[in-house]
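Everything below concerns the one structure shown next.
There are 2 protein chains.
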Amino acid sequence: MDSLGTMRRTHHCNELGIGHVGEKVILMGWVLRRRDHGGVIFIDLRDREGITQVVFNPEINPAVHEKAHRLRSEWVIAVSGVVDPRPGDMANPKLATGEIEVLIDQLFILNTSETPPFPLDEDKEVSDGLRLQYRYLDLRKPEMTANLIARHRAVQSIRGYLNARGFLDIETPMLTKSTPEGARDYLVPSRVNPGRFFALPQSPQLFKQLLMVAGLDRYYQIVKCFRDEDLRADRQPEFTQIDMELSFVDEEQVIEIVEGMIDALFRETIGRDVQPPFKRISYDEAMSRYGTDRPDTRFAMELVDLTEIAAGCEFKVFRSAVDGGGTVRALNAKGCGRFTRKELDDLTDYALQFGAKGLAWVKIKEGGEWQSPIAKFFSAEERQRIAAALDAQVDDLLFFGADKNATVFQVLGELRIELVRRLDLLDATVFRFVWVTDFPLLAYDDKEKRFQALHHPFTAPRDEDIEKLATDPGAVYSRAYDLVLNGTEIGGGSIRIHQRDVQMKVLQALSISDDEAREKFGFLLRALEFGAPPHGGIAFGLDRLMMLITGGDSIRNVIAFPKTQKATCPLTDAPDKVARRQLTELHIRPDWQE
Amino acid sequence: MDSLGTMRRTHHCNELGIGHVGEKVILMGWVLRRRDHGGVIFIDLRDREGITQVVFNPEINPAVHEKAHRLRSEWVIAVSGVVDPRPGDMANPKLATGEIEVLIDQLFILNTSETPPFPLDEDKEVSDGLRLQYRYLDLRKPEMTANLIARHRAVQSIRGYLNARGFLDIETPMLTKSTPEGARDYLVPSRVNPGRFFALPQSPQLFKQLLMVAGLDRYYQIVKCFRDEDLRADRQPEFTQIDMELSFVDEEQVIEIVEGMIDALFRETIGRDVQPPFKRISYDEAMSRYGTDRPDTRFAMELVDLTEIAAGCEFKVFRSAVDGGGTVRALNAKGCGRFTRKELDDLTDYALQFGAKGLAWVKIKEGGEWQSPIAKFFSAEERQRIAAALDAQVDDLLFFGADKNATVFQVLGELRIELVRRLDLLDATVFRFVWVTDFPLLAYDDKEKRFQALHHPFTAPRDEDIEKLATDPGAVYSRAYDLVLNGTEIGGGSIRIHQRDVQMKVLQALSISDDEAREKFGFLLRALEFGAPPHGGIAFGLDRLMMLITGGDSIRNVIAFPKTQKATCPLTDAPDKVARRQLTELHIRPDWQE
Numbered sequence: 001m002d003s004l005g006t007m008r009r010t011h012h013c014n015e016l017g018i019g020h021v022g023e024k025v026i027l028m029g030w031v032l033r034r035r036d037h038g039g040v041i042f043i044d045l046r047d048r049e050g051i052t053q054v055v056f057n058p059e060i061n062p063a064v065h066e067k068a069h070r071l072r073s074e075w076v077i078a079v080s081g082v083v084d085p086r087p088g089d090m091a092n093p094k095l096a097t098g099e100i101e102v103l104i105d106q107l108f109i110l111n112t113s114e115t116p117p118f119p120l121d122e123d124k125e126v127s128d129g130l131r132l133q134y135r136y137l138d139l140r141k142p143e144m145t146a147n148l149i150a151r152h153r154a155v156q157s158i159r160g161y162l163n164a165r166g167f168l169d170i171e172t173p174m175l176t177k178s179t180p181e182g183a184r185d186y187l188v189p190s191r192v193n194p195g196r197f198f199a200l201p202q203s204p205q206l207f208k209q210l211l212m213v214a215g216l217d218r219y220y221q222i223v224k225c226f227r228d229e230d231l232r233a234d235r236q237p238e239f240t241q242i243d244m245e246l247s248f249v250d251e252e253q254v255i256e257i258v259e260g261m262i263d264a265l266f267r268e269t270i271g272r273d274v275q276p277p278f279k280r281i282s283y284d285e286a287m288s289r290y291g292t293d294r295p296d297t298r299f300a301m302e303l304v305d306l307t308e309i310a311a312g313c314e315f316k317v318f319r320s321a322v323d324g325g326g327t328v329r330a331l332n333a334k335g336c337g338r339f340t341r342k343e344l345d346d347l348t349d350y351a352l353q354f355g356a357k358g359l360a361w362v363k364i365k366e367g368g369e370w371q372s373p374i375a376k377f378f379s380a381e382e383r384q385r386i387a388a389a390l391d392a393q394v395d396d397l398l399f400f401g402a403d404k405n406a407t408v409f410q411v412l413g414e415l416r417i418e419l420v421r422r423l424d425l426l427d428a429t430v431f432r433f434v435w436v437t438d439f440p441l442l443a444y445d446d447k448e449k450r451f452q453a454l455h456h457p458f459t460a461p462r463d464e465d466i467e468k469l470a471t472d473p474g475a476v477y478s479r480a481y482d483l484v485l486n487g488t489e490i491g492g493g494s495i496r497i498h499q500r501d502v503q504m505k506v507l508q509a510l511s512i513s514d515d516e517a518r519e520k521f522g523f524l525l526r527a528l529e530f531g532a533p534p535h536g537g538i539a540f541g542l543d544r545l546m547m548l549i550t551g552g553d554s555i556r557n558v559i560a561f562p563k564t565q566k567a568t569c570p571l572t573d574a575p576d577k578v579a580r581r582q583l584t585e586l587h588i589r590p591d592w593q594e
Numbered sequence: 001m002d003s004l005g006t007m008r009r010t011h012h013c014n015e016l017g018i019g020h021v022g023e024k025v026i027l028m029g030w031v032l033r034r035r036d037h038g039g040v041i042f043i044d045l046r047d048r049e050g051i052t053q054v055v056f057n058p059e060i061n062p063a064v065h066e067k068a069h070r071l072r073s074e075w076v077i078a079v080s081g082v083v084d085p086r087p088g089d090m091a092n093p094k095l096a097t098g099e100i101e102v103l104i105d106q107l108f109i110l111n112t113s114e115t116p117p118f119p120l121d122e123d124k125e126v127s128d129g130l131r132l133q134y135r136y137l138d139l140r141k142p143e144m145t146a147n148l149i150a151r152h153r154a155v156q157s158i159r160g161y162l163n164a165r166g167f168l169d170i171e172t173p174m175l176t177k178s179t180p181e182g183a184r185d186y187l188v189p190s191r192v193n194p195g196r197f198f199a200l201p202q203s204p205q206l207f208k209q210l211l212m213v214a215g216l217d218r219y220y221q222i223v224k225c226f227r228d229e230d231l232r233a234d235r236q237p238e239f240t241q242i243d244m245e246l247s248f249v250d251e252e253q254v255i256e257i258v259e260g261m262i263d264a265l266f267r268e269t270i271g272r273d274v275q276p277p278f279k280r281i282s283y284d285e286a287m288s289r290y291g292t293d294r295p296d297t298r299f300a301m302e303l304v305d306l307t308e309i310a311a312g313c314e315f316k317v318f319r320s321a322v323d324g325g326g327t328v329r330a331l332n333a334k335g336c337g338r339f340t341r342k343e344l345d346d347l348t349d350y351a352l353q354f355g356a357k358g359l360a361w362v363k364i365k366e367g368g369e370w371q372s373p374i375a376k377f378f379s380a381e382e383r384q385r386i387a388a389a390l391d392a393q394v395d396d397l398l399f400f401g402a403d404k405n406a407t408v409f410q411v412l413g414e415l416r417i418e419l420v421r422r423l424d425l426l427d428a429t430v431f432r433f434v435w436v437t438d439f440p441l442l443a444y445d446d447k448e449k450r451f452q453a454l455h456h457p458f459t460a461p462r463d464e465d466i467e468k469l470a471t472d473p474g475a476v477y478s479r480a481y482d483l484v485l486n487g488t489e490i491g492g493g494s495i496r497i498h499q500r501d502v503q504m505k506v507l508q509a510l511s512i513s514d515d516e517a518r519e520k521f522g523f524l525l526r527a528l529e530f531g532a533p534p535h536g537g538i539a540f541g542l543d544r545l546m547m548l549i550t551g552g553d554s555i556r557n558v559i560a561f562p563k564t565q566k567a568t569c570p571l572t573d574a575p576d577k578v579a580r581r582q583l584t585e586l587h588i589r590p591d592w593q594e
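Taken in sequence, the protein lines are chains Y and A. Numbered by UniProt numbering, the letters in the first sequence go through residues 1 to 594 in order. Numbered by UniProt numbering, the letters in the second sequence go through residues 1 to 594 in order.
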């Protein structure tokens with residue numbers, strides 16, 4: 001193999017055009033494709049930036065041409081030559097460099113390559129396991145390289161925006177204490193302190209609040225966080241947060257800053273104008289119209305409240321839902337009146353997963369006639385009122401939910417998304433943002449028989465609701481705000497509690513004893529005694545955001561070295577066994593089956 | 001307490017000057033000091049940026065003046081008022097805002113504060129433990145805030161520089177496999193994979209090499225790394241690296257990029273021109289002149305080789321060192337001829353720590369006379385030759401080392417630094433950079449009876465030395481380069497091995513079996529089979545670099561939330577006990593004394 005020596009590239013592989021004709025250039029990269037034609041060898045040379053066609057003609061240098069015969073896919077070469085226009089009919093308009101080729105007079109073979117286990121220039125389906133095992137090859141695919149470049153641009157945009165607005169990039173610890181009230185922690189045994197463990201942070205929440213107490217005013221960090229939870233397509237054991245916190249602000253100021261950041265981000269990453277200010281919707285309205293606090297507002301198909309009509313109808317299922325304090329709601333799947341029985345059965349099964357006891361449906365036929373197993377329970381007038389409420393037309397398909405509020409919202413909310421997915425109405429190139437605000441502070445946990453924080457225990461209640469914390473905790477609204485994009489929560493934040501007595505009242509409403517409070521986050525309570533300023537912030541999930549920006553369907557495609565759904569890395573074989581000596585040093589013993 | 005409501009600051013506390021006189025402003029911050037004078041209350045209001053004097057005069061608003069009587073140190077307030085020039089003799093030229101004060105007509109008390117456990121506006125000695133326990137107060141000190149702001153500016157400068165040069169900011173995993181041949185790993189038990197452990201990365205070394213194999217060309221990351229080692233003033237369990245890697249480059253190109261980065265960093269962080277290109281020195285020359293591969297070149301006091309003179313002298317200690325294949329070297333502590341016996345004894349004790357068997361010294365008296373226990377062993381001519389070699393003048397003090405090379409280098413190298421420290425010649429505002437190059441690839445480990453990598457096993461040997469790997473491994477030089485600033489290694493890197501067969505030869509020279517190689521880093525060896533480009537890089541320790549830039553003496557002062565020397569956090573009490581249930585989930589059992 002040849003040595004690089006002191007040779008330097010003059011251009012990358014996406015740079016040369018007609019303006020460079022006649023120039024002597026040096027390119028380096030990988031052999032993507034080789035074609036031999038009329039005794040001449042054509043190589044598509046690839047680097048991170050693109051592709052340039054290089055030509056080995058025996059008339060230019062027979063020895064070099066001879067050497068080029070050895071080249072195979074993914075070999076690494078350096079070539080020097082002169083830029084030449086391609087004959088008019090040979091130009092490739094799909095390639096940025098398609099008007100030229102380089103006539104090579106020197107070739108250095110810097111490395112060879114085995115044949116890759118999957119082709120890099122075809123859109124062939126390859127198993128996730130193989131892609132992750134040979135991640136260094138998978139990342140050579142232009143679309144994967146493009147994802148990492150988009151992510152690079154995104155963090156650059158975010159940092160530039162926040163730096164210009166007085167935010168300080170400050171690092172918080174990775175080896176820390178577990179965040180109370182969160183998901184399961186990853187633990188790190190301490191060698192020096194037997195029986196004690198660090199936790200990897202689920203978020204820098206308490207540290208960023210302490211930075212505000214420290215008077216640092218505006219903080220941000222793009223930072224790894226960790227949750228030891230079961231994985232899904234949009235979850236990884238370690239994930240990256242865009243985390244920020246501001247002092248002396250209210251909700252409006254946080255929202256203003258964030259909208260500017262998101263606007264700049266989309267413009268600078270994919271050249272899209274997302275046109276802030278974004279719409280806002282209260283939690284209650286989001287639930288009632290979309291059945292979820294993460295509404296996908298790219299399409300309508302909103303939920304309609306039929307409780308009043310249902311209260312007087314003959315259909316027992318509807319009546320008993322209303323009588324039991326529940327609700328009857330419906331949505332109109334426009335133009336889906338020709339769904340087959342099989343499709344309706346599938347959708348019913350889908351709905352059952354979310355707690356539905358069944359799924360009532362109505363097909364609207366010519367003349368407004370109802371085709372439905374439940375048609376007979378309704379008078380003509382009731383049918384008319386329901387049709388009017390849902391704006392039902394011929395060929396529409398109506399679905400009904402009748403149960404407790406929470407169940408109806410979840411069933412119809414999920415059904416709405418599933419319908420739109422089946423109808424292929426989800427356009428990944430449309431970006432619909434909506435702020436969800438006015439959340440309840442607490443939600444009653446039926447299993448644990450106590451209130452839980454809907455966000456986290458440091459979220460401020462509305463000033464006017466503080467007194468209700470002791471008397472009617474479920475009626476307290478918070479100062480939280482979530483940013484939802486196309487039905488995915490991409491960011492969540494709040495104005496925080498900065499007064500110790502308010503924090504204590506919230507902890508009491510959460511049934512956390514004084515002892516427990518002191519043990520778990522006594523240091524925050526103590527900090528609130530020394531002049532904590534009013535403050536608030538927000539955190540975004542960068543991986544999910546990048547998935548949406550790049551139009552992908554898995555966060556694994558926007559992470560250089562992700563884990564599988566079983567939290568393993570097929571590339572390095574992590575997690576791995578360790579020597580018994582290492583465990584002894586950490587004062588722990590095995591408790592597993594070998 | 002008052003609510004912030006929708007009030008917004010108009011200025012920060014370091015912003016107002018004569019140009020703002022007459023303007024109505026709103027400021028928010030902390031009460032630093034309060035003075036009552038002639039019925040008027042003066043408050044120094046502090047925020048992150050600085051201090052502004054605000055004035056409560058009963059004639060402006062008696063109710064507000066009355067309320068201001070309650071204010072105490074570190075209370076958080078919002079005030080509105082009109083900017084007024086201070087009377088000429090009351091101006092404070094030490095303060096950016098010293099020419100004005102703000103006459104307050106509205107006061108909102110946003111939070112109260114207990115009296116801090118240590119004063120924030122005095123240069124009082126406070127224990128490290130207390131400072132870390134109340135870190136949110138310690139960080140309010142202007143010099144601590146300034147350190148974090150300098151660190152913010154530094155990472156901003158580095159990112160800006162590298163972004164402009166085609167580097168991609170790419171995240172590598174935190175939950176990974178242990179780096180072979182390194183320090184002790186922090187381990188993270190896997191819940192899903194019983195008996196298996198992740199390791200927190202000691203550096204992203206292998207991942208950045210894989211990114212080069214993936215064709216990403218130029219990578220950087222400012223990233224947390226972890227080492228479970230015993231701590232010192234300049235070591236933390238988690239530390240931050242500026243990590244980078246480049247494809248298709250040689251040493252010169254890496255050095256060129258780095259010198260530009262360091263130049264921009266010092267200019268943009270503290271306004272200093274460090275004037276690259278930096279000097280270079282080979283490892284061998286650094287050892288011979290300074291006794292160390294991390295030479296502090298802010299001063300001379302270089303080592304002088306006296307082996308040739310000593311070879312013929314009568315002094316047995318010198319003679320036997322030379323006869324045993326060792327060396328005799330000396331340094332001249334200029335002007336130290338009046339050191340007391342006590343000082344000489346102290347220095348001898350100091351030298352003994354580093355393996356010296358004694359410390360020979362000579363005081364040069366009037367007429368060149370030697371005052372020394374060893375004077376009698378040397379002829380007049382020898383004394384003259386030694387004095388000439390060391391440029392010895394009246395009142396100079398000479399120290400000698402005679403032993404194996406390594407011992408002499410270490411003893412005299414350490415003695416040199418200690419002397420300069422005692423003479424208070426170390427100027428933290430002078431920055432002397434030097435590249436150390438031409439390292440040996442391997443060093444023989446007498447204990448383990450095998451060669452160890454001087455840097456790491458992925459460092460490329462010089463092309464011309466590859467054949468010696470099998471025959472004379474100790475004579476192989478590497479393509480590594482370290483950047484040293486004022487005697488501290490701030491960065492280290494190398495051109496890496498990109499050819500599988502060369503990597504195997506190096507592993508063999510390190511006595512690593514094929515099996516062990518496959519198990520520990522088989523994935524790297526495999527990657528080298530698929531077209532790895534020539535590549536190299538470097539990594540800098542950001543914490544140490546910031547310590548030097550800010551002129552401090554502990555990395556703890558440039559980290560927001562550092563750990564103690566016992567790897568604990570007095571603020572949060574991490575590491576902490578965990579519930580037995582958590583251990584059970586992780587398949588481990590306690591092995592410690594409760």
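Where a beta carbon is used, it is the ideal one built from N, C-alpha and C, also for glycine.
C-beta contact flag for Phe530 of chain Y and Leu137 of chain A at 8 Å: Residue mapping note: residue 530 of chain Y aligns to position 530 of the first sequence, counting from 1. Residue mapping note: residue 137 of chain A aligns to position 137 of the second sequence, counting from 1. Contact: yes.
Is the CB of Cys569 of chain A under 8 Å away from at least one CB in chain Y? Residue mapping note: residue 569 of chain A aligns to position 569 of the second sequence, counting from 1. Under the Cβ criterion of 8 Å, Cys569 of chain A is counted among the residues facing chain Y.
Going by other Cβ atoms of all chains shown within 10 Å of its Cβ, with 16 needed for buried, is Tyr161 of chain Y buried or exposed? In the first sequence, counting from the first residue as 1, residue 161 of chain Y sits at position 161. Buried, since its Cβ has 16 or more Cβ neighbours within 10 Å.
For Val558 of chain Y, I'd like the list of residues in its chain whose CB is within less than 8 Å of its CB, leaving aside the five on either flank, ordered along the chain. Position 558 of the first sequence holds residue 558 of chain Y. Result list for Val558 of chain Y: Asn147, Leu148, Ala150, Arg151, Asp543, Met546, Met547, Thr550, Gly552, in chain order.
For the candidate residues Y:Phe354, Y:Leu211, Y:Phe42, Y:Ile270, whose alpha-carbon lies nearest to that of Phe523 of chain Y? Residue 523 of chain Y sits at position 523 when you count from the first residue of the first sequence. Of the candidates Y:Phe354, Y:Leu211, Y:Phe42, Y:Ile270, the one whose C-alpha sits nearest the C-alpha of Phe523 of chain Y is Y:Leu211.
Looking at Gly492 of chain Y: is its Cβ nearer than 8 Å to the Cβ of His455 of chain Y? Here the question's residue 492 of chain Y lines up with position 492 in the first sequence. Here the question's residue 455 of chain Y lines up with position 455 in the first sequence. For Gly492 of chain Y and His455 of chain Y, yes; Cβs fall inside 8 Å.
Quick check: Val188 of chain Y and Leu175 of chain Y, are their CB atoms within less than 8 Å of each other? Translated into the one-based positions of the first sequence, residue 188 of chain Y becomes position 188. Translated into the one-based positions of the first sequence, residue 175 of chain Y becomes position 175. Yes, Cβ-Cβ distance for Val188 of chain Y and Leu175 of chain Y is below 8 Å.
Please confirm whether Glu238 of chain Y has its beta-carbon closer than 8 Å to some beta-carbon of chain A. In the first sequence, counting from the first residue as 1, residue 238 of chain Y sits at position 238. Yes, contact with chain A.
Report yes or no: is there a C-beta of chain Y within less than 8 Å of the C-beta of Ile512 of chain A? As a position in the second sequence, residue 512 of chain A is number 512, starting the count at 1. No, no contact with chain Y.
Report, in whole angstroms, the separation of the C-beta atoms of Arg416 of chain Y and Met301 of chain Y, which I expect to be a contact under 8 Å. Here residue 416 of chain Y refers to the residue found at position 416 when the first sequence is read from its first residue. Here residue 301 of chain Y refers to the residue found at position 301 when the first sequence is read from its first residue. Rounded, the Cβ-Cβ distance is 5 Å, consistent with contact.
Extent of the continuous beta strand (DSSP E) run through His455 of chain Y: Walking along the first sequence from the start, residue 455 of chain Y turns up at place 455. Counting along the chain, no beta strand (DSSP E) covers His455 of chain Y, and no H or E run does either.
Measuring CB atoms only, is the segment 194-207 of chain A touching the segment 576-589 of chain Y, in the sense that at least three cross pairs come out at less than 8 Å? A contact exists between the segment 194-207 of chain A and the segment 576-589 of chain Y.
Thinking C-alpha only, which one of Y:Thr572, Y:Gly474, Y:His535 is nearest Glu519 of chain A? Numbered from 1 along the second sequence, position 519 holds the residue referred to as residue 519 of chain A. For Glu519 of chain A, the closest C-alpha among the options Y:Thr572, Y:Gly474, Y:His535 is that of Y:Thr572.
Report the start-end ranges of each beta strand (DSSP E) in the segment 403-464 of chain Y that is 3 residues or longer and not cut off at the edges. Taken in chain order, the unbroken stretches of beta strand (DSSP E) that lie wholly in the segment 403-464 of chain Y and span 3 residues or more are 433-437, 442-445, 450-453.
What's the gap between the Cα of Val506 of chain A and the Cα of Asp427 of chain Y? Residue mapping note: residue 506 of chain A aligns to position 506 of the second sequence, counting from 1. Residue mapping note: residue 427 of chain Y aligns to position 427 of the first sequence, counting from 1. Rounded to whole angstroms, Val506 of chain A and Asp427 of chain Y show a C-alpha spacing of 53 Å.
Tell me which same chain residues have a C-beta within less than 6 Å of the C-beta of Lys67 of chain A, skipping the five on either side of it? Position 67 of the second sequence, counted from the first residue, corresponds to residue 67 of chain A. So the list reads Leu107, once near-sequence residues are dropped.
Validate contact between the segment 390-403 of chain Y and the segment 444-454 of chain Y using beta carbons, cut 8 Å, 3 pairs: By the Cβ criterion, the segment 390-403 of chain Y is not in contact with the segment 444-454 of chain Y, since fewer than three pairs of Cβ atoms, one from each stretch, lie closer than 8 Å.
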